[in-house]
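A.B. asks: If you read the protein sequences in the order shown, they are chains G and H. Using my numbering, read the first sequence as starting at 42 and increasing by one per residue. Using my numbering, read the second sequence as starting at 435 and increasing by one per residue. For each residue, glycine too, the CB sits at the ideal point set by N, CA and C.
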Amino acid sequence: MTVGFELDPCAKCEEVMQPFLDRILDDTERAEAERHLDKCGYCARRYRFEESLRRFVRHAAVESMPPALKQKLAALRTPL
Amino acid sequence: MSESEPRRLAEDARSRVRFEEEALELSDQVYRVARRLVSSREEAEDLMQEAYARAFRSWRSYTPGTNLRAWLLRILTNLNIDRARQRQRRPEEQPLEEGDYFLYNKLEGAQRDGNSDEERVLERLSQDDVVDALAAVPHDFRDVLVLVDIGDFTYADAAQILDIPVGTVMSRLHRARRILKRELADQVEVEA
Numbered sequence: 042m043t044v045g046f047e048l049d050p051c052a053k054c055e056e057v058m059q060p061f062l063d064r065i066l067d068d069t070e071r072a073e074a075e076r077h078l079d080k081c082g083y084c085a086r087r088y089r090f091e092e093s094l095r096r097f098v099r100h101a102a103v104e105s106m107p108p109a110l111k112q113k114l115a116a117l118r119t120p121l
Numbered sequence: 435m436s437e438s439e440p441r442r443l444a445e446d447a448r449s450r451v452r453f454e455e456e457a458l459e460l461s462d463q464v465y466r467v468a469r470r471l472v473s474s475r476e477e478a479e480d481l482m483q484e485a486y487a488r489a490f491r492s493w494r495s496y497t498p499g500t501n502l503r504a505w506l507l508r509i510l511t512n513l514n515i516d517r518a519r520q521r522q523r524r525p526e527e528q529p530l531e532e533g534d535y536f537l538y539n540k541l542e543g544a545q546r547d548g549n550s551d552e553e554r555v556l557e558r559l560s561q562d563d564v565v566d567a568l569a570a571v572p573h574d575f576r577d578v579l580v581l582v583d584i585g586d587f588t589y590a591d592a593a594q595i596l597d598i599p600v601g602t603v604m605s606r607l608h609r610a611r612r613i614l615k616r617e618l619a620d621q622v623e624v625e626a
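1. Where does H:Y535 sit, in a helix, a strand or coil, going by DSSP?
2. Pull out every residue of the stretch 573–586 of chain H whose Cβ sits closer than 7 Å to any Cβ of chain G, in chain order.
3. Could you please give the first and the last residue of the uninterrupted alpha helix (DSSP H) stretch that includes H:L568?
4. Taking all protein chains shown into account, decide if H:A569 is buried (16 or more other Cβ within 10 angstroms of its Cβ) or exposed.
5. Tell me, please, whether the CB atom of G:R71 is closer than 9 Å to any CB atom in chain H?
6. Put G:D79 into one of helix, strand or coil per three-state DSSP.
7. Let me know the secondary structure DSSP gives H:G499 once reduced to three states.
8. Spatial neighbours of H:L579 within its chain, please: CB distance less than 7 Å, with the 5 preceding and 5 following residues excluded, ordered by chain position.
9. Say whether chain H places a C-beta atom closer than 9 Å to the C-beta of G:E50.
10. Taking only beta-carbon positions, decide if H:N512 is within less than 9 Å of chain G.
11. Please determine, among H:T588, H:Q483, H:R558 and H:A447, the residue with the shortest C-alpha to C-alpha distance to H:L458.
12. Compile a chain-ordered list of the residues in the stretch 71–85 of chain G whose CB is closer than 7 Å to at least one CB of chain H.
13. So, using beta-carbon positions, are G:E55 and H:D534 closer together than 9 Å?
14. Look at the alpha carbon of G:Q112 and the alpha carbon of G:H77, and state the distance between them as a whole number of angstroms.
15. Which same chain residues, not among the five before or five after H:L537, have their C-beta less than 6 Å away from its C-beta?
16. Between H:A504 and H:I584, which are expected to be in contact by the criterion C-beta below 8 Å, what is the C-beta distance as a whole number of angstroms?
17. For H:D591, collect the residues of the same chain with a Cβ closer than 6 Å to its Cβ; drop the 5 residues on either side in sequence, then sort them by chain order.
18. State yes or no: is the beta carbon of H:S560 nearer than 9 Å to at least one beta carbon in chain G?
19. Within the stretch 577–621 of chain H, note down every full alpha helix (DSSP H) run reaching 4 residues or more, in order along the chain.
20. Would G:R99 count as contacting chain H if we go by Cβ distances under 9 Å?
21. Beta carbons nearer than 8 Å to chain G: which residues of the stretch 476–496 of chain H have them?
22. Can you pull the chain G residues whose beta carbon is under 7 Å from the beta carbon of H:E553, in chain order?
23. H:E454 CB to nearest chain G CB: under 9 Å?
24. So G:R86 and H:E552 are in contact, right, with Cβ under 8 Å, and what is the actual spacing, rounded?
25. Just the chain G side, please: which residues come within less than 8 Å of H:R450 by C-beta, in chain order?
26. Going along chain G in order, which residues have a C-beta closer than 7 Å to the C-beta of H:L458?
27. Just tell me which of G:E104, G:I65 and G:Y83 has its CA closest to the CA of H:R469.
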């Protein structure tokens with residue numbers, strides 16, 4: 042079902058993008074992906090986009106805790 | 435023997451106070467995750483209070499020296515899963531045809547000059563787009579995404595918190611990221 046880098050390198054590169062960025066690919070696949078990314082601007086751009094997107098999501102999703110909630114949580118403590 | 439009893443109680447109280455203080459110190463970080471597990475701020479606040487009340491009650495089951503943030507989030511995610519179950523929402527089962535390049539291709543295609551660099555493509559997304567898209571991810575997938583990509587937990591920690599195998603964490607995470615990208619693509623479409 043899955044194709045290799047020799048058959049359809051860009052499809053294979055897309056398939057391994059998430060494990061590549063999560064650093065869980067095995068050495069052989071990682072080396073193959075790196076070789077392809079070195080010469081393929083199409084895939085390289087999409088990998089860089091994914092990295093930026095992950096950073097963007099991480100920052101955009103942060104919302105500080107309302108100060109009143111912290112007080113409510115502290116009030117839940119067992120009285121001494 | 436009766437002399438040691440007050441000492442034991444005092445030691446017990448000290449341990450409890452230390453636990454409660456450490457748990458409260460982590461509350462900002464726990465909230466950051468909790469806020470994205472649910473769609474509204476009110477829900478997040480309820481969930482936090484319920485989780486902290488339970489944590490304070492069962493502080494003895496926490497092993498000092500282990501990951502307290504993960505322990506707290508395990509309580510919180512369990513409560514949240516119970517609530518979700520009560521609401522009878524079904525996790526999304528529909529097939530997802532889009533690949534991982536889908537969002538980029540879509541955003542780049544909508545760019546007037548085409549073939550622009552990835553930073554310019556990303557500028558088309560706003561913070562609200564991300565918040566809305568995250569809220570639209572079905573909760574089973576969102577839990578994993580929020581723990582790993584926002585809460586910075588490892589796969590192993592997320593597996594322990596959610597009480598699912600690591601393999602399930604990975605497959606849900608991959609799917610969650612794709613769903614998120616599809617939702618982001620939809621957001622951009624709505625705005626266009």
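C.D. replies: The short version:
1. Looking up residue 535 of chain H in the second sequence gives position 101. Correct three-state label for H:Y535: coil.
2. Closer than 7 Å at the C-beta level to chain G, one finds these residues of the stretch 573–586 of chain H: D583 and I584.
3. As a first step, residue 568 of chain H must be located in the second sequence, where it is residue number 134. H:L568 -> alpha helix (DSSP H) spans Q561 to A570.
4. Residue mapping note: residue 569 of chain H aligns to position 135 of the second sequence, counting from 1. So H:A569 ends up on the exposed side.
5. Taking the first sequence and counting its residues from 1, one reaches residue 71 of chain G at position 30. Cβ-Cβ to chain H under 9 Å: no for G:R71.
6. Against the first sequence, residue 79 of chain G aligns to sequence position 38. Correct three-state label for G:D79: helix.
7. What you label residue 499 of chain H is simply residue 65 of the second sequence in a count that begins at 1. Three-state DSSP puts H:G499 in coil, outside helix and strand.
8. As a working mapping, residue 579 of chain H is identified with position 145 in the second sequence. Counting only Cβ-Cβ distances below 7 Å, and skipping sequence neighbours, we find V571, L607, A610, R611 and L614.
9. Taking the first residue of the first sequence as 1, we reach residue 50 of chain G at position 9. The amino acid occupying residue 50 of chain G in the given sequence is Pro; Glu does not appear at that position. For G:P50, the answer is no, since every Cβ of chain H falls outside 9 Å of its Cβ.
10. Stepping through the second sequence from its first residue, residue 512 of chain H is reached at position 78. By this cut-off, H:N512 is not an interface position.
11. Counted from its first residue, the second sequence places residue 458 of chain H at position 24. Nearest option by C-alpha distance: H:Q483.
12. Going along the stretch 71–85 of chain G in chain order, one finds no residue with a Cβ nearer than 7 Å to chain H.
13. For the purposes of this step, residue 55 of chain G is taken as the residue at position 14 of the first sequence. For the purposes of this step, residue 534 of chain H is taken as the residue at position 100 of the second sequence. Their beta carbons are under 9 Å apart, which means G:E55 touches H:D534 by this criterion.
14. As a first step, residue 112 of chain G must be located in the first sequence, where it is residue number 71. As a first step, residue 77 of chain G must be located in the first sequence, where it is residue number 36. Looking at the two C-alpha atoms, the distance is approximately 54 Å.
15. Taking the second sequence and counting its residues from 1, the one referred to as residue 537 of chain H is at position 103. For H:L537, where only same-chain residues beyond five positions count, the Cβ hits under 6 Å are K615, L618 and A619.
16. What you label residue 504 of chain H is simply residue 70 of the second sequence in a count that begins at 1. What you label residue 584 of chain H is simply residue 150 of the second sequence in a count that begins at 1. In this structure H:A504 does not touch H:I584 by the C-beta definition: roughly 14 Å separates them, more than the 8 Å allowed.
17. By 1-based counting over the second sequence, the position of residue 591 of chain H is 157. Taken in chain order, the residues that qualify are A504.
18. As a first step, residue 560 of chain H is located in the second sequence; it is residue number 126 there, counting from the start. For H:S560, the nearest CB of chain G lies under 9 Å from its own CB, placing it at the interface with that chain.
19. 589–596, all fully within the stretch 577–621 of chain H.
20. Within the first sequence, residue 99 of chain G is the residue found at index 58, counting from 1. Yes, its Cβ sits closer than 9 Å to a Cβ of chain H.
21. Using a CB distance below 8 Å, the part of the stretch 476–496 of chain H facing chain G consists of E479, M482, Q483, Y486, A487 and F490, ordered along the chain.
22. One-based indexing of the second sequence puts residue 553 of chain H at position 119. Simply S93.
23. On the second sequence, position 20 is the one that residue 454 of chain H refers to. For H:E454, the answer is yes, since a Cβ of chain G falls inside 9 Å of its Cβ.
24. Taking the first sequence and counting its residues from 1, one reaches residue 86 of chain G at position 45. Taking the second sequence and counting its residues from 1, one reaches residue 552 of chain H at position 118. Sure, about 5 Å apart at Cβ, within 8 Å.
25. Translated into positions along the second sequence, residue 450 of chain H becomes position 16. Here the neighbours are T119.
26. Along the second sequence, one-based indexing puts residue 458 of chain H at 24. Within chain G, the residues near H:L458 are L114 and A115.
27. Stepping through the second sequence from its first residue, residue 469 of chain H is reached at position 35. Across the set G:E104, G:I65 and G:Y83, the C-alpha of G:E104 shows the shortest separation from the C-alpha of H:R469.
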